[in-house]
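Here's the structure, in structure tokens; my notes come after.
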Amino acid sequence: MLKVENLNVYYGAIHAVKNVSFEVAQGEIVTLIGANGAGKSTILKTVSGLLRSKGGRISFMGEDISSTETYKLTQKGLSHVPEGRRIFQQLIVEENLEMGGYIQGKEKNRRTMGDVYQRFPRVKERKRQIAGTLSGGEQQMLALGRSMMSLPRLVMMDEPSMGLAPVLVQQIFDIIKELNKAGVTILLVEQNARMALSVAHRGYVLETGRIALEADAKKLLNNDEVKKAYLGG
Ligand SMILES: Nc1ncnc2c1ncn2[C@@H]1O[C@H](COP(=O)(O)OP(=O)(O)OP(=O)(O)O)[C@@H](O)[C@H]1O
Ligand SMILES: [Mg+2]
17 MLKVENLNVY YGAIHAVKNV SFEVAQGEIV TLIGANGAGK STILKTVSGL
67 LRSKGGRISF MGEDISSTET YKLTQKGLSH VPEGRRIFQQ LIVEENLEMG
117 GYIQGKEKNR RTMGDVYQRF PRVKERKRQI AGTLSGGEQQ MLALGRSMMS
167 LPRLVMMDEP SMGLAPVLVQ QIFDIIKELN KAGVTILLVE QNARMALSVA
217 HRGYVLETGR IALEADAKKL LNNDEVKKAY LGG
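Numbering (this note's numbering), first residue to last: 17 to 249.
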């Protein structure tokens, strides 16, 4: 579904992503794990068109999207939930969801919103609340809900569990599994490598901008180097 070949991304003189290639097949949960600064967010931003690679190629559903604008990618079914829950702080919860679904018609939007509220009852309870006043966990749920409003085929999530209490982390990962069961393909970036590998089918380990390892998630969970570097021994 997503094929990334030879990405090279620079911030001025800094070569942040070096010859990175990976694939995500339809129906998979694939995780990219790596230390702070390894280049995970840079890769997601490049796939979603916010940054550009020098050379290489990105294709989605067989189509070259290397130079496609971000909003067009959303229309094609590629959704990006960025790091740090970028919701519209000044708008109420329901307006945030409407923004996420603007590409659907009104009728369809209402139906999808019903689905989102069913999946996130906490978000529903707070639909008239100013989004910026939601708790961190509620904002993360709103960010995921807003992504669902565009009826994505592939969702790229950047650190969805960051800063959340363990019970909410578990809830977020349960939601990721449920979304995947409902047919959504997922590319998951996480610091919480243990949780990410426990829900994912496959994983890639990123070390200072390069892919160091690729394997089934179960294999990575049992890999000695991965254990030592990312799973606390
Ligand atoms: N706008 C920028 N200007 C300059 N350097 C940047 C910029 N954004 C990121 N970098 C650098 O690029 C490298 C990769 O950053 P990136 O945000 O992709 O890492 P990450 O793997 O997502 O890390 P984290 O787990 O901390 O979120 C880092 O060394 C970072 O300092
Ligand atoms: Mg990041």
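Note that beta-carbon positions come from the ideal geometry of N, C-alpha and C, so glycine has one too.
Helix, strand or coil at residue i [DSSP, three-state]
| i | result |
| --- | --- |
| L150 | coil |
| M172 | strand |
| A209 | helix |
| I119 | coil |
| V215 | helix |
Any non-hydrogen atom of ligand 3 within 6 Å of residue i CB
| i | result |
| --- | --- |
| K56 | No copy of ligand 3 occurs in the structure displayed; its ligands are ligand 1 and ligand 2 alone. |
Length of the line joining the Cα atoms of residue i and residue j
| i | j | result |
| --- | --- | --- |
| F136 | A29 | 43 Å |
| V183 | G153 | 10 Å |
| M165 | L195 | 13 Å |
| G249 | K243 | 5 Å |
| E39 | L18 | 6 Å |
Residue burial classification, residue i (beta-carbon count within 10 angstroms, cutoff 16)
| i | result |
| --- | --- |
| T149 | exposed |
| T86 | exposed |
| N14 | Any property of residue 14 remains undetermined from this structure, which presents the chain solely from 17 to 249. |
| D174 | buried |
| A181 | exposed |
Neighbourhood of residue i by C-beta distance below 7 Å, restricted to the same chain and skipping five residues each side
| i | result |
| --- | --- |
| S133 | The sequence given here has Tyr at residue 133, not Ser. Hits under 7 Å: V139, K140. |
| E44 | T201, H217, R218 |
Member of the options whose CA lies at the smallest distance from the CA of residue i
| i | options | result |
| --- | --- | --- |
| T62 | H96, E44, A51, G53 | H96 |
| V20 | Y27, N238, N52, R68 | R68 |
| G93 | L167, L180, K56 | L167 |
| A41 | V25, F76, E111 | F76 |
| H31 | L23, I108, S83 | L23 |
Cβ neighbours of residue i in the same chain (closer than 6 Å, five flanking residues each side left out)
| i | result |
| --- | --- |
| M129 | L113 |
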